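Structure, as structure tokens:
Protein chains: 6
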Amino acid sequence: MALIDLSLDELREYRPQRPEPEDFDQFWTETLAAANTHPIAASFEPVDTGLRLVHVEDVNFAGYGGQPVKGWLVRPAQAEGPLPCIVEFCGYGGGRGLAHEQLFWANAGYAHFLMDTRGQGGGWRVGETPDDGADGAGPSINGYMTRGIQSPETYYYRRLFTDAVRAVQAVREHPLVDAERIVTAGGSQGGGISLAVAGLVPDLAGVIADVPFLQLFRRATEITDGYPYKEIAAFLATQRDRVEQVFATLAYFDGVNFAARANAPALYTVALMDDICPPSTVFASYNHYAGPKQITVYPYNGHEGGGAFNAPKQLEFVRKVLGV
Amino acid sequence: MALIDLSLDELREYRPQRPEPEDFDQFWTETLAAANTHPIAASFEPVDTGLRLVHVEDVNFAGYGGQPVKGWLVRPAQAEGPLPCIVEFCGYGGGRGLAHEQLFWANAGYAHFLMDTRGQGGGWRVGETPDDGADGAGPSINGYMTRGIQSPETYYYRRLFTDAVRAVQAVREHPLVDAERIVTAGGSQGGGISLAVAGLVPDLAGVIADVPFLQLFRRATEITDGYPYKEIAAFLATQRDRVEQVFATLAYFDGVNFAARANAPALYTVALMDDICPPSTVFASYNHYAGPKQITVYPYNGHEGGGAFNAPKQLEFVRKVLGV
Amino acid sequence: MALIDLSLDELREYRPQRPEPEDFDQFWTETLAAANTHPIAASFEPVDTGLRLVHVEDVNFAGYGGQPVKGWLVRPAQAEGPLPCIVEFCGYGGGRGLAHEQLFWANAGYAHFLMDTRGQGGGWRVGETPDDGADGAGPSINGYMTRGIQSPETYYYRRLFTDAVRAVQAVREHPLVDAERIVTAGGSQGGGISLAVAGLVPDLAGVIADVPFLQLFRRATEITDGYPYKEIAAFLATQRDRVEQVFATLAYFDGVNFAARANAPALYTVALMDDICPPSTVFASYNHYAGPKQITVYPYNGHEGGGAFNAPKQLEFVRKVLGV
Amino acid sequence: MALIDLSLDELREYRPQRPEPEDFDQFWTETLAAANTHPIAASFEPVDTGLRLVHVEDVNFAGYGGQPVKGWLVRPAQAEGPLPCIVEFCGYGGGRGLAHEQLFWANAGYAHFLMDTRGQGGGWRVGETPDDGADGAGPSINGYMTRGIQSPETYYYRRLFTDAVRAVQAVREHPLVDAERIVTAGGSQGGGISLAVAGLVPDLAGVIADVPFLQLFRRATEITDGYPYKEIAAFLATQRDRVEQVFATLAYFDGVNFAARANAPALYTVALMDDICPPSTVFASYNHYAGPKQITVYPYNGHEGGGAFNAPKQLEFVRKVLGV
Amino acid sequence: MALIDLSLDELREYRPQRPEPEDFDQFWTETLAAANTHPIAASFEPVDTGLRLVHVEDVNFAGYGGQPVKGWLVRPAQAEGPLPCIVEFCGYGGGRGLAHEQLFWANAGYAHFLMDTRGQGGGWRVGETPDDGADGAGPSINGYMTRGIQSPETYYYRRLFTDAVRAVQAVREHPLVDAERIVTAGGSQGGGISLAVAGLVPDLAGVIADVPFLQLFRRATEITDGYPYKEIAAFLATQRDRVEQVFATLAYFDGVNFAARANAPALYTVALMDDICPPSTVFASYNHYAGPKQITVYPYNGHEGGGAFNAPKQLEFVRKVLGV
Amino acid sequence: MALIDLSLDELREYRPQRPEPEDFDQFWTETLAAANTHPIAASFEPVDTGLRLVHVEDVNFAGYGGQPVKGWLVRPAQAEGPLPCIVEFCGYGGGRGLAHEQLFWANAGYAHFLMDTRGQGGGWRVGETPDDGADGAGPSINGYMTRGIQSPETYYYRRLFTDAVRAVQAVREHPLVDAERIVTAGGSQGGGISLAVAGLVPDLAGVIADVPFLQLFRRATEITDGYPYKEIAAFLATQRDRVEQVFATLAYFDGVNFAARANAPALYTVALMDDICPPSTVFASYNHYAGPKQITVYPYNGHEGGGAFNAPKQLEFVRKVLGV
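Line order of the protein sequences matches chains A, B, C, D, E and F.
Counting from 1, one number per residue, gives the positions in the first sequence under the UniProt record's numbering.
Counting from 1, one number per residue, gives the positions in the second sequence under the UniProt record's numbering.
Counting from 1, one number per residue, gives the positions in the third sequence under the UniProt record's numbering.
Counting from 1, one number per residue, gives the positions in the fourth sequence under the UniProt record's numbering.
Counting from 1, one number per residue, gives the positions in the fifth sequence under the UniProt record's numbering.
Counting from 1, one number per residue, gives the positions in the sixth sequence under the UniProt record's numbering.
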């Protein structure tokens, strides 16, 4: 995939107007308040993976609507004191996977919590958390991007972002986690969720967003045919009379609005040949990001972004923001 | 798409063992009984389409779980006496469309009811009926084939087939419909639903199933990469430990089991170059069909089947089985 | 297909120079005069479709060179007085289809004539009208776009556009058709033909052109790889020394030149993600259109354009221009 | 393209029943007799190619219906006595090309005549010969395979095969050509034509057919999606009621019937991974070939067959059958 | 990818004749002896990855021709006694990657050595080891499959397999590695190398081969178009006169011949929808494997095989064969 | 492929800055001097092709590092005096082919030398010359573009360009070749090599470069996904930390730098829809070319460029620059 978007010089200056509804903050305040009527009810059950250097726990907590959400907590087997924790979210279609899949952060000495994704987990990495959808929403196209898109109240990502905010609350209840030192992380959809949490949780220690998805929806649907943004365009190709309704809903979930509210130090990644999450949508978010920030640019990569080259850079960032 | 399956001679003899669970009948008896605790509550509101020869009504009735399901009822504008009714179901991804789209059956002098498809209707023809899913089911892959596939109770098609059975009940309540002369119909997923209804409703006048989907799932997933069967295979490529669980669920929804219970005269269509609904899966159903039956074979077609050539054949069939 | 052409703001202003030969009008005057040496010889034979609400007639008339051309005339079965008539032309590769396929306009109370397409009708909807080609034209590539493209006299579309003009003459001879109230219509190639007729027949009541093909050929061949425009580019990739010759021929058939001569009220459709008939070629035609005009823009559609959403808009337009 | 057909052992034995109409010989006798009412009228005009070792002539002769057909005659510049002549036909979509393109046979010391292909020559190598089609034939799909396929009388290949028979007559009139020593040749469609001529002209010195097209049509349409056979299948996917009519026409043009009538020594080529002209269709022809024969098998090639490896083998064959 | 090969029942019995040259053992004995004239010269340099639970060393040793080969040795940071070691080889196109990428085996308590792949490492995971090719070999197609394929002496895999045998020797020199307890492992090309080593090194503790590549070359090139086997077929499509020469070379490198010489307990993986390493090639190897063996079958997977589901099965196998 | 690059007007003015290293000339002076320590050792062995008009010789000479390189020398069979010679180089993946394949230049009265391509010749035309690679270079991706790309010294094209310079020296030793009248030629990679030789050999009579490859590497990798430029981008997508290193190497091989040093009259070809060698990369070279020059523009062609239309233009050019 050759360069498909603005030039790097243009990208660095690209700061489009944000599609922000007037009651954006009110919507999210009410959404999270409603969720908080349910106790977080986090449980941490040890799992036998056969691995000796790390300890893995099967996490359950009450997410949106008090519905059950799963995750894995992995930490050094010998850890004693409070550990900083990386809270990670999954890319589109994937779930938390199996208990032994995520070893990097624990091997680096941290606690690592990987949240399962409601409904997803059939596509590339397994998951187990159902999506108990909102009643009364209308039809959707294959996938999750248009589930309940008829209104902000019924939209799928309202449930998922709420789960993610509560995932941070859940790990803060763990006896070995240092509640003051939480870093959210993720790539693609996981990066988009990480940014959403950054805009909704005021006291994070850091935010990692690799090639983040869910940023500047409308432009994305206009400049790329790549899925999953394409799900929205394909839905509108059928439901031709809902263009404004759909983008009115999406405005409550657009990462650029969360970025403009964030304050924690952030590490973004962008790939200049990415036709899944085009670079201008990533830079739109980055350029609006309100906290301290840095961005790694991969000039010859698509949506795979930095791949294995990213982990050392993330580790360096985490050490800096955590001071450990 | 060249020939991809058995030869026509082999197809005519192909009658594989059916994957039938012992409690198949019990499962459906209980499912329909539970649905029947909800009144059918059918309403028929006139719609102004600007058309002069036909009269269109917006139908609402209570489907699975009493949840609202929509449809269009189209009939000759001047009709007075009781009309035989064609009850049609949609192909995968589509809904009932707009009010003016379906004119053939009404122009032929019948009532025509097209049921909306819960959750679908974002893919190629619009719909408006939501899928209020069962709580507690696990993750799925994009699409509807794996929604709630963790158990027969939670599987998406349990809800949809129940809607379809109740659609027949609903139209029978219409003052201008002749409740004794109902023909179910549909192509692809619609054909599969038509066959499911044929196995569950004992007093139909006829059954039309064009290139029916949802027949002999396991073989389908083994011989074609075509979607939507591929959704199942793709889900199992991730959820590798659920192969038996998934096919145990699907056995309650396999069209070959419904075909073996049907008694109404049936008209099937099969296309020999169909890689979406491969001919052996269609003939497996046809060869197990327990009522009077005939099949039209299109040797050079794919899933489009007979296209416009089919309507005259269907009209001839309907006239024969209805005696009008 | 993401946005592939100018922005909507640019499109609304896009009015490129037209490639018009000096003797454009003379060419068409002579062409139609030559055709008019053959009597129109329209015949209308009733067809038994089994449908009760409409009456269908198999139409034959003498087109270009007096060669036989077919069509279907469909009207309300009970019609008595003179009916306005929609004269429709087919998309590329298709013919008039089977007698029962077109019901919308008759159901709305109009006569509807669908002209068969010479030579075509093997691709997606059946036809029966041969193309008796001009003698002495040179080679072509697969398809119709380059048949006889060696000169305006031998070009395929000279024959087809002449057929179309004479189709209007033919239906005006029908006893139940109101010759004063003719609306031409069509999508894609049919829309291009509709516009050509609009430029050649001075007394139409209205013109419908959905995602019209055959507009601004050269730009089309430069900005899209979509067929059938691509047939021209592919031919020129082989016949490298004929670029100027080919575009000199096409100038006599370019819809922008017909649009600039039209006077009837027009309804255009354009789809912003259409890579078959790119939006700038449609707007070039629309912006040059000399009569009253309106255009419907579908932002997330490809060449399928408005699909079923279009019929109600067309009906509204037809009622307005016909006053009925 | 992996192996797609029978195994080599099976291919060597594959001799299916030929689809031969009773009046096959009568049809061709009458066709050629009708053509012979037109004088051959061959002309040979020198062309300046700038080449010094060969002499090129622009050939014109009267083909089917007395219609003009072109070709190039290339021979050693210094030739004096009568030369054996290779009469070659083009692959599908191509014409005779430019005057300097064909040098091999003349460099080997022979005269070489390359016949242009009526109507073709827009696809990969230029041509200049028009196809003046038969009046009254019906619609076709893009391409030449279905032109006039409504009857043997109107079918495109009736005209083309007749041209080819007359091409042999034409070169025999050339003062430097040895009329007793004519070898026909061609690859793909050219190979099919070469075989047709071999079945219609009794006194050829040899026949070359590389990966020949136009053999055993029905099986070809059933086992491959490759074009151009696919044109037939695609036509029948639309014109669903013409399957028997189409194959009744094609039986008059099937290479297996010509092969069964040939007597000259033949050199075939087959490629085992050829999905354009599948190996079983080639072997069906080869195994029915009635004259002396040999076949070269390329196990890892597709339709490109032997490529440059073929010319030395052909030269060896030609020397053997010509004795020079 | 639907099922593309024999049925599972047939696969379990599939034991084709092996293409074994008479001097197979002599060839390898001489090859390894020649290599052994170079000292192994293994060095192990600590690398700072920032990880706390594991210790990583940058390994260098002398491979084929004494040429330098790299690898990573990863082990628990606190290990003291001799550790069993998993020696792993890379899939096609990949190298050893970055130092922090492989954590599973060390987290399970073992030493893990991942050998770099000469010349590869530009395709999906980085590498650093050059391929100093054999002088005098002929041309190749893109990729490694045909490098030096003109003779067994010059073939690329002679060098790579020799590197792999010497990798086992190298790790045995490490002070913390238990030289008696070595398990080779790898997926795809890595699985093929693992099997080659199993046939050349007599005292391994276990062998893991996931969806192994390099088994039964000729059948593979005949039944799949998947790369990299396709490199061989594509080379032969050009170099048409070298079919026998190429397979004569490959016989010295065919995994089925190594399998027939192995004695260590083996764990195979096969995926029934794998079109890169088709199941019959894997079962051919498995069914010829001479030591104790077991195979995991993934019915709905392609070449990704068991993915994350495999690691627990491998860990269980390793624990069993190592007794720890 | 529609237009993918600048407009023709922009292309004619496109003259970007060249990426020229300071020691470019020194690098090549030293490279050629080192090569010249090996005698050229040209041999010319007659080959029996069975052709009568031309005489073919199998050429061997010592190329880079004194390594053996092959080629064909074809000339009129009757030639006596010194002949001007066309020295041609091959497109990517191809070798010199078989002895009878190249006849045009000899038929025009010239000597024609076609140099084999080291290592290539497995892809589309056979070759026989091995690439004895430089020791110590690192990994590469499939193909030749990244072989030894770690440094200018080890890069594959250093060896190949040196071969090409020495090919000119070799033919100059032939008794029938006029050493004063040498024209280099080639298409795609062959055109790139032709330009490299034009920049390194000061006394050529002419230079032909059709759709030349290897010009303005970085822009090429940014604007097209076409192979083989894509090999570089794909390598950098894995080896993310080597972007600057790779382009530092390529600067020594970029055709724009050779063009700026050339003095012989040049004939370029460019195709405006070429996505393999995009037009801006060709014009960048052309606009920097320092000698007399002309360019043929094909507006509707891709990388096939002028095809058979080119030879007459080249012959006209050659006659002009040679005066014969």
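Beta carbons are placed, not taken as given, at the ideal position from N, Cα and C, and that holds for glycine.
Keep in mind that this is a model prediction, so the values were computed, not measured.
Item checked: chain G within 9 Å of P152 (chain E), Cβ atoms only -> Among the protein chains of the structure shown, namely A, B, C, D, E and F, there is no chain G.
Check: Can you give the Cα-Cα distance for F258 (chain C) and G206 (chain C), rounded to whole angstroms?
Finding: Counting from one through the third sequence, the residue named residue 258 (chain C) turns up at place 258. Counting from one through the third sequence, the residue named residue 206 (chain C) turns up at place 206. So the alpha carbons of these two residues sit roughly 14 Å apart.
Checklist line | C-beta contact flag for A185 (chain C) and A209 (chain C) at 9 Å | finding: Translated into positions along the third sequence, residue 185 (chain C) becomes position 185. Translated into positions along the third sequence, residue 209 (chain C) becomes position 209. The beta carbons of A185 (chain C) and A209 (chain C) sit closer together than 9 Å.
Check: Between L250 (chain C) and A234 (chain D), what straight-line distance do the alpha-carbon atoms span, to the nearest angstrom?
Finding: For the purposes of this step, residue 250 (chain C) is identified with residue 250 of the third sequence, where counting begins at 1. For the purposes of this step, residue 234 (chain D) is identified with residue 234 of the fourth sequence, where counting begins at 1. So the two alpha carbons sit approximately 29 Å from each other.
Notebook entry, point to check: When you compare each of F:N310, F:Q169, F:A264, F:R219 to A41 (chain F) by their alpha carbons, which one comes out closest?
Noted result: Counted from its first residue, the sixth sequence places residue 41 (chain F) at position 41. When the alpha-carbon of A41 (chain F) is set against those of F:N310, F:Q169, F:A264, F:R219, the nearest one is in F:Q169.
Margin query: Please determine whether the Cβ atom of Y286 (chain E) lies at a distance below 8 Å from any heavy atom of the ligand SAH.
Written below: Of the ligands one can find in the structure shown there are none, so the ligand SAH has no counterpart to examine.
Next item on the list: Consider the Cβ of D25 (chain F): report whether some Cβ of chain E lies at a distance smaller than 9 Å.
Entry: Start at 1 with the first residue of the sixth sequence, and residue 25 (chain F) comes out as number 25. With 9 Å as the cut-off, D25 (chain F) does not count as an interface residue toward chain E.
Notebook entry, point to check: Can you tell me whether DSSP reads R75 (chain E) as helix, strand or coil?
Noted result: Position 75 of the fifth sequence, counting from 1, holds the residue named residue 75 (chain E). Note: R75 (chain E) maps to strand in three-state DSSP.
Notebook entry, point to check: How many Å lie between P202 (chain A) and A179 (chain A) at the Cα?
Noted result: Along the first sequence, one-based indexing puts residue 202 (chain A) at 202. Along the first sequence, one-based indexing puts residue 179 (chain A) at 179. Near 13 Å, if we compare the C-alpha coordinates of A179 (chain A) and P202 (chain A).
Margin query: Does the stretch 290–310 of chain C come into contact with the stretch 260–270 of chain C, if we say contact requires no fewer than three beta-carbon pairs (one atom in each stretch) closer than 8 Å?
Written below: Yes, since at least three Cβ pairs between the stretch 290–310 of chain C and the stretch 260–270 of chain C fall closer than 8 Å, the two stretches touch.
Check: Beta carbon of F213 (chain B), beta carbon of F253 (chain B): below 9 Å?
Finding: Counting from 1 along the second sequence, the entry for residue 213 (chain B) is found at position 213. Counting from 1 along the second sequence, the entry for residue 253 (chain B) is found at position 253. At a Cβ-Cβ threshold of 9 Å, F213 (chain B) and F253 (chain B) do not count as neighbours.
Checklist line | Beta-ladder partner(s) of C85 (chain C), from DSSP | finding: In the third sequence, the residue the question calls residue 85 (chain C) occupies position 85. DSSP lists C:A111, C:I182 as partners of C85 (chain C).
Next item on the list: Tell me whether R261 (chain A) is buried or exposed, calling it buried when 16 or more other Cβ atoms sit within 10 Å of its Cβ.
Entry: Here the question's residue 261 (chain A) lines up with position 261 in the first sequence. Buried is the call here.
Item checked: Inter-stretch contact at 8 Å, needing at least 3 Cβ pairs: the stretch 93–104 of chain C / the stretch 75–84 of chain C -> Fewer than three pairs of CB atoms, one per stretch, sit closer than 8 Å, so the stretch 93–104 of chain C makes no contact with the stretch 75–84 of chain C.
Note to self: Once the 5 residues before and after N142 (chain F) are set aside, which same chain residues still bring their CB inside 8 Å of it?
What the structure shows: Your numbering for residue 142 (chain F) matches position 142 in the sixth sequence. Excluding the 5 residues flanking it on each side, N142 (chain F) has same chain C-beta neighbours closer than 8 Å at E231, in chain order.
Next item on the list: Taking only the alpha-carbon atoms, compute the straight-line gap between R181 (chain F) and G109 (chain F) and give it to the nearest angstrom.
Entry: As a working note, residue 181 (chain F) is residue 181 in the sixth sequence. As a working note, residue 109 (chain F) is residue 109 in the sixth sequence. R181 (chain F) and G109 (chain F) have their C-alpha atoms spaced approximately 13 Å apart.
Notebook entry, point to check: Closer than 9 Å, Cβ to any Cβ of chain E: which residues of the stretch 247–262 of chain D, in chain order?
Noted result: For the stretch 247–262 of chain D, which is checked against every Cβ of chain E, not one residue is closer than 9 Å.
Item checked: Cβ neighbours of E88 (chain D) in the same chain (closer than 6 Å, five flanking residues each side left out) -> Here residue 88 (chain D) is taken as the residue at index 88 of the fourth sequence, counted from 1. Same-chain partners within the cutoff: L114, A185, G186.
Checklist line | Contact set between A233 (chain D) and chain F, taken where Cβ atoms lie within less than 9 Å | finding: One-based indexing of the fourth sequence puts residue 233 (chain D) at position 233. None at all; the shortest Cβ gap to chain F is about 28 Å.
Item checked: Nearest neighbour of G291 (chain F), chosen from F:L195, F:P312, F:A308, F:Q245 [CA to CA] -> Numbered from its first residue, the sixth sequence carries residue 291 (chain F) at position 291. F:L195 is the residue among F:L195, F:P312, F:A308, F:Q245 whose C-alpha sits nearest the C-alpha of G291 (chain F).
Margin query: Tell me the rounded alpha-carbon separation between A164 (chain A) and V59 (chain B).
Written below: The residue you call residue 164 (chain A) lines up with position 164 of the first sequence. The residue you call residue 59 (chain B) lines up with position 59 of the second sequence. A164 (chain A) and V59 (chain B) have their C-alpha atoms some 40 Å from each other.
Margin query: Determine, for E10 (chain B), whether the minimum Cβ-Cβ distance to residues of chain E falls below 9 Å.
Written below: As a first step, residue 10 (chain B) is located in the second sequence; it is residue number 10 there, counting from the start. No, E10 (chain B) does not count as interfacial toward chain E.
Check: What does residue 327 (chain A) pair with, by DSSP beta-bridge criteria?
Finding: It is not possible to answer for residue 327 (chain A), since the shown part of chain A is limited to 1 through 324.
Checklist line | Distance between beta carbons of S188 (chain A) and Y92 (chain A), contact taken as under 8 Å | finding: Taking the first sequence and counting its residues from 1, the one referred to as residue 92 (chain A) is at position 92. Taking the first sequence and counting its residues from 1, the one referred to as residue 188 (chain A) is at position 188. At roughly 6 Å, the Cβ-Cβ gap stays under 8 Å, so Y92 (chain A) and S188 (chain A) are in contact.
Next item on the list: Report all residues from its chain with a CB closer than 7 Å to the CB of A79 (chain F); omit the five preceding and five following residues, and keep chain order.
Entry: Position 79 of the sixth sequence, counted from the first residue, corresponds to residue 79 (chain F). Within the same chain, A79 (chain F) has close Cβ partners L176.
Next item on the list: Consider the Cβ of T296 (chain B): report whether some Cβ of chain C lies at a distance smaller than 9 Å.
Entry: Taking the first residue of the second sequence as position 1, residue 296 (chain B) is located at position 296. Contact with chain C is absent for T296 (chain B), since none of that chain's Cβ atoms lies less than 9 Å from the residue's Cβ.
Margin query: Would you say V282 (chain A) lies against chain B (beta-carbon separation less than 9 Å)?
Written below: One-based indexing of the first sequence puts residue 282 (chain A) at position 282. Under the Cβ criterion of 9 Å, V282 (chain A) is not counted among the residues facing chain B.
Check: Helix, strand or coil: how does DSSP classify F213 (chain D) here?
Finding: If you number the fourth sequence from 1, residue 213 (chain D) lands on position 213. Shown here, F213 (chain D) sits in coil according to DSSP, grouped into three states, outside any helix or strand.
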